[in-house]
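Have a look at the structure below, then the notes.
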Amino acid sequence: MLLVGCGGRATTHHKPGTSHQEATGSSGTLLAARDEGGHRLRELPAADAPTVRAEAAPDSEGGWNVHLTVERFRFTPESTGGAALLGRGHARLLVDGREAARLYSPWGYVPPGAHTLTVRLHADDHTVWAVAGAPVQATVRLGATPATAAPSSAPAASAPAPPSPTPTDPGRTVTLVIAGTTVQPPPSRIELKKGERLTLRITGDRADTVHVHGYDRELPLSPGTPATLTLTVDRTGLFEVETHESGLVLTQLVVR
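Quick look at the structure:
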């Protein structure tokens with residue numbers, strides 16, 4: 210599903226935990242120009258503007274793992290929808306010219322079949338950071354080998370994405386059943402080792418979508434029909450698995 214936002218005047222309400230500056234401040238010059246999704250461009254001098262470098266490596270389950278290297282920029286999911294403050298915001302992925310997802314961290318995933326990936330940096334108010342009238346972005350042409358794209362506004366040092374581990378065993382299978390607002394077995398933490406292969410087998414009683422945070426993997430659910438998602442956990446940390454529509458936390462993955 211394509212994500213389409215709007216750009217323009219920053220919001221004036223305060224979100225919980227945000228300061229007055231975060232709610233009402235702004236940086237740069239708002240331009241009349243818009244990108245393909247209708248987002249206004251926000252001009253910055255090149256010396257102040259963020260940069261982005263994108264790398265894509267084949268995922269062991271198909272598709273591409275995307276890694277971003279940014280400078281003068283940090284991801285701020287907690288203030289999305291607030292004001293456009295310098296060096297803050299999120300990224301958006303355009304797959305073959307169509308906006309496909311937002312990123313609130315340096316990692317993302319592109320499903321199989323894509324040919325061109327563009328990563329574009331946005332401010333918290335959804336405007337597009339721009340230099341000399343052009344969006345701050347990087348484009349990668351996806352092929353049979355890992356691909357790298359340099360930033361559009363300034364050069365940045367290369368930081369290769371870690372290769373996807375090759376699974377050596379079938380890994381672990383976890384079966385979950387959703388009935389209304391109840392999950393069986395009850396939500397808990399699944400301890401995994403980095404590089405381990407995990408299969409989630411999920412059955413729900415309504416149409417929904419399961420999202421594995423941090424890995425940006427999704428699994429559509431149809432009522433009463435078991436659905437399966439297999440991935441190799443190649444990043445350490447704590448990652449929630451939840452449903453989009455009902456907002457249920459199904460389990461948490463702890464990867465060490």
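Heads up: the sequence shown is residues 210 to 465, going by the numbering used here.
Even for Gly, the Cβ is constructed at its ideal location relative to N, Cα and C.
As assigned by DSSP and simplified to three states, the class of residue i
i             : result
proline 286   : helix
arginine 270  : The identity of residue 270 in the sequence shown is glutamate, whereas the question assumes arginine. Coil, per DSSP.
glycine 342   : coil
glycine 237   : coil
threonine 348 : strand
histidine 453 : coil
glutamate 264 : strand
arginine 465  : coil
glycine 446   : strand
arginine 249  : strand
threonine 336 : coil
alanine 242   : strand
Residue i vs residue j beta-carbon contact at 8 Å
i                 : j              : result
proline 435       : arginine 410   : yes
leucine 250       : arginine 243   : yes
glycine 327       : alanine 293    : Sequence check: residue 327 is threonine here, not glycine. Result no, Cβ atoms of threonine 327 and alanine 293 do not sit closer than 8 Å.
leucine 462       : isoleucine 399 : yes
valine 261        : valine 279     : yes
tryptophan 316    : glycine 446    : no
leucine 430       : leucine 438    : no
proline 259       : leucine 312    : no
proline 286       : histidine 276  : no
glycine 318       : aspartate 425  : Inspection of the sequence shows that residue 318 is occupied by tyrosine rather than by glycine. Closer than 8 Å, so yes.
threonine 391     : glutamate 270  : no
leucine 295       : aspartate 334  : no
valine 458        : proline 396    : yes
threonine 412     : glycine 380    : no
phenylalanine 282 : serine 314     : no
alanine 403       : aspartate 443  : The sequence given here has lysine at residue 403, not alanine. Yes, Cβ-Cβ distance for lysine 403 and aspartate 443 is below 8 Å.
Buried versus exposed call for residue i [16 or more other C-beta atoms within 10 Å across all chains shown]
i             : result
glutamate 393 : In the sequence as displayed, the identity of residue 393 is glutamine instead of glutamate. Glutamine 393 is exposed by the Cβ-count criterion.
alanine 241   : exposed
leucine 302   : buried
alanine 388   : exposed
alanine 332   : buried
histidine 324 : exposed
proline 225   : Confidence at proline 225 is low in this model, with a pLDDT of 49, below 50, so its placement is unreliable and the value that follows should be read with caution. The residue is exposed, with fewer than 16 neighbouring Cβ atoms inside 10 Å.
arginine 406  : buried
threonine 289 : buried
arginine 297  : buried
Exercise. Taking only runs of the beta strand (DSSP E) that begin and end inside the stretch 381-436, which ones reach a length of at least 3 residues, in chain order?
Worked result: 381-388, 391-393, 398-401, 405-412, 417-421 and 426-430
Exercise. With contact counted as at least three CB pairs below 8 Å, one residue from each stretch, are the stretch 303-310 and the stretch 253-266 in contact?
Worked result: No, the stretch 303-310 is not in contact with the stretch 253-266.
Problem set entry | Inter-stretch contact (C-beta, 8 Å, three-pair minimum) for the stretch 449-459 and the stretch 412-421 | Yes, the stretch 449-459 touches the stretch 412-421.
Exercise. Which parts of the stretch 285-334 are runs of the alpha helix (DSSP H), unbroken and 4 residues or longer, counting only runs that do not cross its ends?
Worked result: none
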